[in-house]
Amino acid sequence: MGAVLNLTCFVVLVISLTTISWKRLSRDRRSTMGQRAIAPEQLYSLLSSHQDVALFYVRQTLDLLAHSEVVPGARRIPPAEVLTVPGLIPKDKEAIVYCTCPGDRTSRAIVRRALDLRFFKIKFLQGGLEAWKAKGYPVELYREVFHL
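Following this line, the structure appears as structure tokens:
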């Protein structure tokens, strides 16, 4: 009976420690992602001051049919390419990615992957293209040829 009680206590302890660790890791990741966000106003200021910033929109090809507008100066990279070939984003200069996903899902995934690969000068545009447009900042039509 005592061995069963000891095993039960051990299992409860392991589950508790795992839960605490998981919650702490999740909180730390959210905090890190919050530090990696840049507001549309901040990005506009950076671009207006002609700072050397690499700007990428990471959207699927079909998204271009629905949202053919882009932030001026942005270069499109398909999300799958960025995740498999992260060298497409420069490691040595300020880089900002944006998408049109709810909750900036694609941008956040790319930033997480870049951070895992020790790209520390990367951020994502909080609210993506919609937040940029909501502020009345300029957009231009995407004019490059793309294939479905």
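Just so we're aligned, residue 6 is where the sequence shown starts under the working numbering, counting upward by one.
Where a beta carbon is used, it is the ideal one built from N, C-alpha and C, also for glycine.
Which of helix, strand or coil DSSP assigns to residue i
i       : result
Glu-145 : strand
Ala-42  : strand
Leu-122 : coil
Glu-99  : coil
Ile-115 : helix
Ala-85  : helix
Arg-64  : coil
Exposure label - residue i; buried when at least 16 CB within 10 Å
i       : result
Leu-134 : buried
Ala-100 : buried
Glu-149 : exposed
Arg-41  : buried
Ser-31  : Note that Ser-31 has pLDDT 40, beneath the 50 cutoff, so the model's placement of it is unreliable and no number is given.
Pairwise C-alpha distance: residue j and residue i
i       : j       : result
Ser-50  : Thr-89  : 31 Å
Glu-145 : Pro-77  : 6 Å
Arg-113 : Val-75  : 18 Å
Val-102 : Gln-65  : 13 Å
Ala-139 : Pro-107 : 15 Å
Thr-105 : Gly-132 : 8 Å
Asp-121 : Asp-68  : 27 Å
Contacting residues, own chain, Cβ-Cβ under 7 Å from residue i (five flanking each side not counted)
i      : result
Lys-98 : Asp-57, Ala-59 and Lys-126
Glu-86 : Leu-93
Test: residue i CB closer than 8 Å to a CB of chain B
i      : result
Val-87 : Absent here is chain B; the protein component of the structure consists of one chain.
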